[in-house]
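>
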Amino acid sequence: MHPQRWVLIAALALATGYLWLGGAFVGITAIEAGQSTLVTQTPKPGMSVATFASGCFWCTESDFDKLSGVISTTSGYTGGNVPNPTYKEVSSGRTGHAEAVQVVYDPAIVSYDKLLEHYWHNVDPFVAHRQFCDVGTQYRPVIFFHTEEQRAAAEASKARIQKMFKQPIVVAITAAGPFYRAEEYHQDYYKKNSAQYRFYRFGCGRDARLEEIWASATH
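With the working numbering applied, the sequence shown covers 10 to 228.
(1) Determine contact between the region 174 to 187 and the region 128 to 137, defined as no fewer than three beta-carbon pairs at a distance below 8 Å.
(2) Closer than 6 Å by C-beta to P116: which residues in its own chain qualify, once you throw out the five before and the five after it? Chain order, please.
(3) Can we say the region 149 to 167 touches the region 189 to 197, given the rule of at least three CB pairs closer than 8 Å?
(4) Short check: CB of F9 to CB of T60, under 7 Å?
(5) Output the distance between the C-alpha atoms of L124 and I222, rounded to the nearest integer angstrom.
(6) Do Y206 and Y198 have their CB atoms nearer than 7 Å?
(7) Is the Cβ-Cβ distance between N93 and G105 less than 7 Å?
(8) Label Q147 either buried or exposed according to how many other C-beta atoms from any shown protein chain fall within 10 Å of its C-beta, with 16 as the threshold for buried.
(9) Going residue by residue through the region 62 to 92, where are the continuous alpha helix (DSSP H) segments of at least 4 residues, counting only ones entirely within it?
(10) Please go through the same chain and pick out, in chain order, the residues whose beta-carbon is closer than 6 Å to the beta-carbon of A42, but skip the five residues on each side of it.
(11) Looking at the unbroken alpha helix (DSSP H) that takes in Q171, where does it start and where does it end?
(12) Which residues in the same chain as R215 place their Cβ atom closer than 7 Å to its Cβ, once the five residues preceding and following it in sequence are excluded?
(13) Based on the DSSP secondary-structure assignment, which residues constitute the bridge partners of R139?
(14) Assuming contact is defined by CB atoms lying nearer than 7 Å, are F73 and T87 in contact in what I supplied?
(15) Kindly indicate which three-state DSSP category I182 falls into: helix, strand or coil?
(16) Taking all protein chains shown into account, decide if T227 is buried (16 or more other Cβ within 10 angstroms of its Cβ) or exposed.
(17) Excluding the 5 residues preceding and the 5 following L219 in the sequence, name in chain order all residues of the same chain whose CB lies nearer than 6 Å to its CB.
(18) In this structure, how does DSSP classify R190 when only helix, strand and coil are distinguished?
Below is the structure:
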């Protein structure tokens, strides 16, 4: 087959894949899925809250849901300057928000240090304005702390991780601010659209890059 034809086929396949990711085959698109809402409720007694950004919140949510002791995960937007932003607005990179996940967890089962350890194994800590194939400040990696204890734990954890790598760790550690729950379409995306999610995650090279990073770590 002529090389140009292969290029055309690959381009069509990629375009079809991104339509699929956006929900075009299930009658809904991410940018038409409503508006975010400010999360104001507090966790139940005995529960704690942590907030992390590690690129696409579909993946961050999926990663933390694997941990025993995690009660719930919520995809949303934080760290910006526009109230109730939409996905389209955040995606423009002009609202200052990062895609993030708020984690409600039971500290009697899983410690904040354990959440931090899990976070480091699911983020590219060497890039400040991109994660894997997603580029822009909205995908920046951040640990948002809710208490001084979390801040101290995050700083200590970052220092330990830095000793394992020659490249500088650029993940920011920032005080948590208003957190806006993303449109319902984004919640549990990896469950609702499992095939699209797997296509995206593989195509983005997330797991391959994580394996590469930790293969280079000095223990």
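For each residue, glycine too, the CB sits at the ideal point set by N, CA and C.
By the coordinates alone:
(1) The region 174 to 187 is in contact with the region 128 to 137.
(2) Walking along the sequence shown from the start, residue 116 turns up at place 107. Correct list, in chain order: S57.
(3) Taking a cut-off of 8 Å on C-beta distances, the region 149 to 167 does not touch the region 189 to 197, as fewer than three cross pairs fall below it.
(4) Residue numbering for the chain in the displayed model covers 10 to 228; residue 9 lies beyond these limits and cannot be assessed.
(5) Locating residue 124 in the sequence shown gives position 115, counting from the first residue. Locating residue 222 in the sequence shown gives position 213, counting from the first residue. Straight across, the Cα-Cα distance linking L124 with I222 is about 19 Å.
(6) Position 197 of the sequence shown, counted from the first residue, corresponds to residue 206. Position 189 of the sequence shown, counted from the first residue, corresponds to residue 198. Yes, the Cβ-Cβ distance between Y206 and Y198 is below 7 Å.
(7) Position 84 of the sequence shown, counted from the first residue, corresponds to residue 93. Position 96 of the sequence shown, counted from the first residue, corresponds to residue 105. No, these two residues do not count as a Cβ contact at 7 Å.
(8) For the purposes of this step, residue 147 is identified with residue 138 of the sequence shown, where counting begins at 1. Under the 10 Å beta carbon count, Q147 is surrounded by 16 or more other beta carbons and is classified as buried.
(9) Complete alpha helix (DSSP H) runs here, min 4: 66 to 74.
(10) Here residue 42 corresponds to residue number 33 of the sequence shown, with the count starting at 1. Residue confidence for A42 is low, a pLDDT of 48 falling below 50, so the modelled location carries little weight and cannot support an answer.
(11) Position 162 of the sequence shown, counting from 1, holds the residue named residue 171. Counting along the chain, the alpha helix (DSSP H) containing Q171 begins and ends at 157 to 171.
(12) The residue you call residue 215 lines up with position 206 of the sequence shown. Cβ within range, chain order: C68, F141.
(13) One-based indexing of the sequence shown puts residue 139 at position 130. Answer is V144, bridged to R139.
(14) As a position in the sequence shown, residue 73 is number 64, starting the count at 1. As a position in the sequence shown, residue 87 is number 78, starting the count at 1. In this structure, F73 sits away from T87, with a CB-CB distance that is not shorter than 7 Å.
(15) By 1-based counting over the sequence shown, the position of residue 182 is 173. Correct three-state label for I182: strand.
(16) Here residue 227 refers to the residue found at position 218 of the sequence shown. That one is exposed.
(17) Position 210 of the sequence shown, counting from 1, holds the residue named residue 219. Sequence-distant Cβ neighbours of L219 in its own chain, meaning closer than 6 Å and more than five residues away, do not exist here.
(18) Taking the first residue of the sequence shown as position 1, residue 190 is located at position 181. Look at R190 here: in three-state DSSP terms it is strand.
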